[in-house]
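This report refers to the structure that appears directly beneath it.
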Amino acid sequence: MSHTPGPGTRSGSFLGEVKDAVTPRATLLVLGVIALQLLFIASYVGALHDPRAKDVPFGVVAPGAAAKQTVDRLERLPGSPLDPRTVADEASARKQIVNREIDGALVLNPEGGQDTLLVASGGGTVLATTLEGVVGKVEQAERRTVRVVDVAPASPHDFDGLSSFYLVVGWCVGGYLCASILAISTGARPANPRRAAIRLIVMALVAIVGGLGGAVIIGPVLGALPGGVLDLWGLGALITFAVGAATLALQGVFGIVGIGLAILLVVVAGNPSAGGAFPLPLLPPFWKAIGPALPPGAGTWAARSIAYFKGNDVTASLLVLWAWAVAGTVITMLAAVLPRRDRQETELPPPAG
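Using this note's numbering, you'd call the opening residue of the sequence shown number 9 and step up by one each time.
So, in structure tokens, the structure goes:
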């Protein structure tokens, strides 16, 4: 004699399946996703919704007492958009801009009513435009005019100077996606040092190929960025490996949650603070402070330096990227050597078969 389950039985079965599916671990992961979502919104909107120039390094070239008077006048501007300092002559100002020591300079003409503003749109078109607006108002108040000279112009195929930023974002995405795929396919934490080393080797190979591909696409194929392909290739390989090694390290320490932490560092915190859409002097203090210490910010600065500033002032950025790469490698290996507790609770199950 067959028995047909009643509505109460089906409801109980459904609730049981829900209870089995929504485990404490799954609940924590879902809450983590919601947290990342809200942090993403807060980070991007907080960093980019109201860009304002603040203490932009700026040179002033003028004879005698006029230099100090101009510096004092620029220092008193509301909101302190500029951080002015005197420069000996126009040639020195141009050299400091190319060396990325200052972002612009005003060259006063004592014999006429028109001065010269030196900018570098290769460092960010928005920043150059902002300097034009700030200095233009000052000159207008003094009943003077200003001629703008772009010392390091952005490529005509590099709209708003964003190509270097998007290039670096692509390299970063390749780094953490490759590391994440290794975790999903074979478990978040490598079972032993040998497997950890294999993952790092795979990551290095991916970085070499991805770095070359990005450099070729952005340069010879699209013509979006000037600069040597070899230099950009080396930078791309370093960025990709640094992000990938850091992601492997986070997975080795925190299990599958490490993927979320990598996204938090690189995407949520790193991208809006990278100086891509708005260069660093236009960002709020918090994002301006953390940007150079994270791979997207260090990579964007270095890429622009290679493309437009003859490779000047890249040492600090390269050291940051090397630090991420070395720290990620060391921690990944240590996580595979040191004993781990509750490993099964933090790892994905191995693939069937």
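Backbone N, C-alpha and C define an ideal beta-carbon position, used for all residues, glycine too. This structure is a prediction, so every number in the text was calculated from the model and none was measured.
Closest in C-alpha terms to Thr337, from the list Gly252, Val41, Leu327, comes Gly252.
With contacts defined as CB atoms closer than 9 Å, Ser172 and Leu233 qualify as a contacting pair.
Your pair Trp241 and Leu220 checks out as a contact, with CB atoms roughly 5 Å apart and the cut at 8 Å. By the Cβ test, the segment 51-58 is not in contact with the segment 92-108, since fewer than three Cβ pairs between them sit closer than 8 Å.
Residue range 64-69 is occupied by the beta strand (DSSP E) that includes Pro65.
Ser163 is a Cβ neighbour of Ala315, given a cutoff of 9 Å. In terms of Cβ geometry, Val276 and Leu47 form a close pair [threshold 9 Å]. Spanning the alpha carbons of Ala136 and Arg207 requires a straight line of approximately 43 Å. According to the DSSP assignment, Asp91 belongs to the beta strand (DSSP E) that extends over 90-94.
If you ignore the 5 residues before and after Val95, its C-beta comes within less than 7 Å of the C-beta of Gly67, Val68, Val69, Ala101, Gln104, Ala113, all in its own chain and listed in chain order.
In this structure, Arg203 lies near Ala344, with their beta-carbon atoms less than 9 Å apart. Three or more beta-carbon pairs separated by less than 8 Å link the segment 325-335 to the segment 252-261, which places the two stretches in contact.
Exposed is the label assigned to Thr35, since fewer than 16 other Cβ atoms lie within 10 Å of its Cβ. Taking one beta carbon from each stretch, the segment 186-198 and the segment 220-230 have fewer than 3 pairs nearer than 8 Å; the two do not touch. Contact between Pro65 and Asp111 holds: CB atoms are separated by about 5 Å, below the 8 Å threshold. When beta bridges are read from the DSSP output, Val41 appears opposite no residue.
Only residues of its own chain outside the window of five on either side were considered, and among them Asp239, Ser313 have a CB closer than 7 Å to the CB of Gly319, listed in chain order. By the neighbour-count criterion, in which a residue is buried when 16 or more other Cβ atoms sit within 10 angstroms of its Cβ, Asn279 is buried. Taking 4 residues as the minimum length, the alpha helix (DSSP H) runs contained wholly in the segment 131-214 are 133-149, 171-194, in order along the chain. Membership of Thr124 in the beta strand (DSSP E) is indicated by the continuous run 122-127.
In this chain, the alpha helix (DSSP H) harbouring Leu243 covers 237-262. Within a 10 Å sphere around the beta-carbon of Pro89 sit 16 or more other beta-carbons, which makes this residue buried. With 16 or more other Cβ atoms from the protein chains shown falling within 10 Å of its own Cβ, Val176 counts as buried. Following the DSSP letters along the chain, one finds Val338 inside the alpha helix (DSSP H) bounded by residues 323-345. The continuous alpha helix (DSSP H) containing Ala310 extends over residues 303-316.
A distance below 8 Å between beta-carbons, with the five flanking residues on each side excluded, links Ala74 to the following residues of its chain, in chain order: Leu116, Pro118. For His165, the closest alpha carbon among the candidates Pro228, Glu150, Ile192, Ala205 is that of Pro228.
The beta carbon of Leu269 sits closer than 7 Å to the beta carbons of Leu258, Phe262 from its chain, once the five residues preceding and following it are set aside; these are given in chain order.
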